[in-house]
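Engineer:
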Amino acid sequence: MGRSEMEAKVLPLNSGFYFQEQPPVKEDQNEYNGLKQKFAHYRIIKQLQKSIVRQNMHNAMSPLSAISGYLELIDLSLNDNADIHQIDYYRKKIESGVKEVNSIIEQLQQVYSEESDLLEEGEELLVVDLNWMVRDVCNEMHLENSELEMEIGNGALHITTDLYVTKLILFKMISYATKCSSSKDIVRLRTLSRDEMATFAVYFNVSECKSEEIDKIVQYDPKQNPSDLIKDNSMNEGLFASTRLVKQVGGHIAFKRVDNDRGKLELSLPLC
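Here the sequence shown is numbered in full-length UniProt numbering, starting from 1 and rising by one per residue.
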């Protein structure tokens, strides 16, 4: 066989016997980038949800321990000279603890039931009133009026946002403030319009040391490793996830020191 015949037998690269890697189609690359971004978005949502679950389970431990203790006291009283008034006191304490645990469970159910609605209806940005959302979240958290001081305007502050994600962030901010404060402290909630932004502010008592910690979380540099800030701390982890999520709906979270005893977390989102 001559050289020319051998050359004639060489198959072209596109004949099917050879695989030649093709450059990615632009549409496919855009779809891939979109899916990658959406996956990152849901990953942060899950991080925020996990922090809320862990924090609520931690909150439930105290009333559950109290219920167990009062049941034991009732048992001891029945074995001795039972004091009806004392037993009634224990009963009321148990009822109070059960209500507190039920409230925590309802909060968790609300967090995941609204996510189910979102997944069924599809992800969508909605025009909603920030004032309405704040009131709705407070109702879902079963917060007593004695715990809050609210300055929520009667007018609407319309924003275009992911309803479920924004309510999660509001939930986290309020619960973070109440957790930092003592039972005797009043947490103040306020909404306002400023510089074409709808702003939600939560004022609460916070130490100088804790203020520095919050400031580091809110002003987190993506190049840094956040593990030192959020490791084994569901409160900080949830706030950290919130600061990342809010950027995906065009907003931001800031922390400011108000005076020696109080600070405020601010959520700002563009007005429609």
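Glycine included, every Cβ here is placed at the ideal spot set by N, Cα and C.
What residues in its chain sit with their C-beta under 7 Å from that of residue 218, if we drop five residues either side in the sequence?
Structural biologist: Reading the sequence shown from its first residue, position 218 is the one you call residue 218. Answer for residue 218: 243, 253, 254 and 255, listed in chain order.
Engineer: Does the region 200-209 come into contact with the region 231-240, if we say contact requires no fewer than three beta-carbon pairs (one atom in each stretch) closer than 8 Å?
Structural biologist: No, because fewer than three Cβ pairs between the region 200-209 and the region 231-240 fall closer than 8 Å, the two stretches do not touch.
Engineer: Less than 8 Å between the C-beta atoms of residue 272 and residue 159, yes or no?
Structural biologist: Counting from one through the sequence shown, the residue named residue 272 turns up at place 272. Counting from one through the sequence shown, the residue named residue 159 turns up at place 159. Yes, they are a contact pair.
Engineer: Give me the Cα-Cα distance between residue 187 and residue 86, rounded to the nearest whole angstrom.
Structural biologist: The residue given as residue 187 occupies position 187 in the sequence shown. The residue given as residue 86 occupies position 86 in the sequence shown. When rounded, the distance between both Cα atoms is 34 Å.
Engineer: Rounded to the nearest angstrom, what separates residue 268 and residue 198 at their Cα positions?
Structural biologist: The residue labelled residue 268 in the question sits at position 268 within the sequence shown. The residue labelled residue 198 in the question sits at position 198 within the sequence shown. Spanning the two alpha carbons is a distance of roughly 6 Å.
Engineer: Determine the DSSP secondary structure at residue 159, reduced to helix, strand or coil.
Structural biologist: Counting from 1 along the sequence shown, the entry for residue 159 is found at position 159. The answer is strand: DSSP assigns residue 159 an E or B state.
Engineer: Expressed to the nearest angstrom, what Euclidean distance is found between the alpha-carbon atoms of residue 74 and residue 61?
Structural biologist: Residue mapping note: residue 74 aligns to position 74 of the sequence shown, counting from 1. Residue mapping note: residue 61 aligns to position 61 of the sequence shown, counting from 1. Their backbone Cα atoms lie some 20 Å apart in a straight line.
Engineer: Checking the sheet assignment: what are the DSSP bridge partners for residue 253?
Structural biologist: In the sequence shown, counting from the first residue as 1, residue 253 sits at position 253. According to DSSP, which records beta bridges pairwise, residue 253 is partnered with 267.
Engineer: If you scan the region 169-233 from start to end, which runs of the beta strand (DSSP E) of 3 or more residues do you find wholly inside it?
Structural biologist: You should have 187-194 and 197-205.
Engineer: Starting from the C-beta of residue 168, find all residues in its chain whose C-beta is less than 8 Å away, skip the five residues before and the five after it, and write them out in chain order.
Structural biologist: The residue you call residue 168 lines up with position 168 of the sequence shown. Contacts found: 45, 48, 49, 52, 111, 242 and 245.
Engineer: Once the 5 residues before and after residue 147 are set aside, which same chain residues still bring their CB inside 8 Å of it?
Structural biologist: On the sequence shown, residue 147 is found 147 positions in, with the first residue counted as 1. Cβ neighbours of residue 147 beyond the five flanking positions: 178, 186 and 187.
Engineer: Which stretch, first to last residue, makes up the beta strand (DSSP E) that contains residue 126?
Structural biologist: For this step, residue 126 is matched to residue 126 along the sequence shown. It spans 126-129 - the beta strand (DSSP E) in which residue 126 sits, taken as one unbroken run.
Engineer: Helix, strand or coil for residue 133? Go by DSSP, reduced to three states.
Structural biologist: In the sequence shown, the residue the question calls residue 133 occupies position 133. In the structure shown, residue 133 sits in a helix (DSSP, three-state: H, G or I).
Engineer: Return yes when the Cβ of residue 130 is within less than 8 Å of the Cβ of residue 191, no when it is not.
Structural biologist: For the purposes of this step, residue 191 is taken as the residue at position 191 of the sequence shown. For the purposes of this step, residue 130 is taken as the residue at position 130 of the sequence shown. Going by C-beta atoms, residue 191 is nearer than 8 Å to residue 130.
Engineer: By the three-class DSSP mapping on this structure, what secondary structure does residue 108 have?
Structural biologist: Taking the first residue of the sequence shown as 1, we reach residue 108 at position 108. Three-state DSSP puts residue 108 in a helix.
Engineer: Leaving out five residues before and five after residue 93 in sequence, what residues of the same chain have Cβ atoms less than 6 Å from its Cβ?
Structural biologist: Sequence index remark: in the sequence shown, residue 93 carries index 93 (1-based). So the qualifying residues of the chain are 70.
Engineer: Leaving out the 5 sequence neighbours to the left and right, which residues in its chain are closer than 8 Å to residue 170 when beta-carbon positions are compared?
Structural biologist: Mapped onto the sequence shown, residue 170 falls at position 170. Taken in chain order, the residues that qualify are 133, 134, 137, 200 and 267.
Engineer: When DSSP labels each residue in this structure, what does residue 95 get in the three-state scheme?
Structural biologist: Here residue 95 refers to the residue found at position 95 of the sequence shown. Looking at residue 95 - three-state DSSP - the assignment turns out to be helix.
Engineer: Could you pull out every residue in the same chain whose Cβ sits closer than 7 Å to the Cβ of residue 250, ignoring the five residues on either side in sequence?
Structural biologist: For this step, residue 250 is matched to residue 250 along the sequence shown. Closer than 7 Å at the Cβ level, and outside the excluded window around residue 250, lie 269 and 270.
Engineer: Relative to the alpha-carbon of residue 63, which residue among 81, 104, 83 and 184 has its alpha-carbon at the smallest distance?
Structural biologist: Position 63 of the sequence shown holds residue 63. Out of 81, 104, 83 and 184, 104 has the C-alpha closest to the C-alpha of residue 63.
Engineer: Using only alpha-carbon positions, find the residue among 72, 90, 220 and 212 that is nearest to residue 260.
Structural biologist: Along the sequence shown, read from residue 1 onward, the residue named residue 260 stands at position 260. Comparing Cα-Cα distances from residue 260 to each of 72, 90, 220 and 212, the minimum goes to 212.
Engineer: Label residue 84 either buried or exposed according to how many other C-beta atoms from any shown protein chain fall within 10 Å of its C-beta, with 16 as the threshold for buried.
Structural biologist: Here residue 84 corresponds to residue number 84 of the sequence shown, with the count starting at 1. With fewer than 16 Cβ atoms within 10 Å of its Cβ, residue 84 is classed as exposed.
Engineer: Nearest CA to the CA of residue 176: which residue from 235, 165 and 220?
Structural biologist: By 1-based counting over the sequence shown, the position of residue 176 is 176. Minimum Cα distance to residue 176 is reached at 235.
Engineer: Using DSSP's beta-bridge definition, name the partner residues of residue 149.
Structural biologist: Indexing the sequence shown from 1 puts residue 149 at position 149. According to DSSP, residue 149 bridges with 188.
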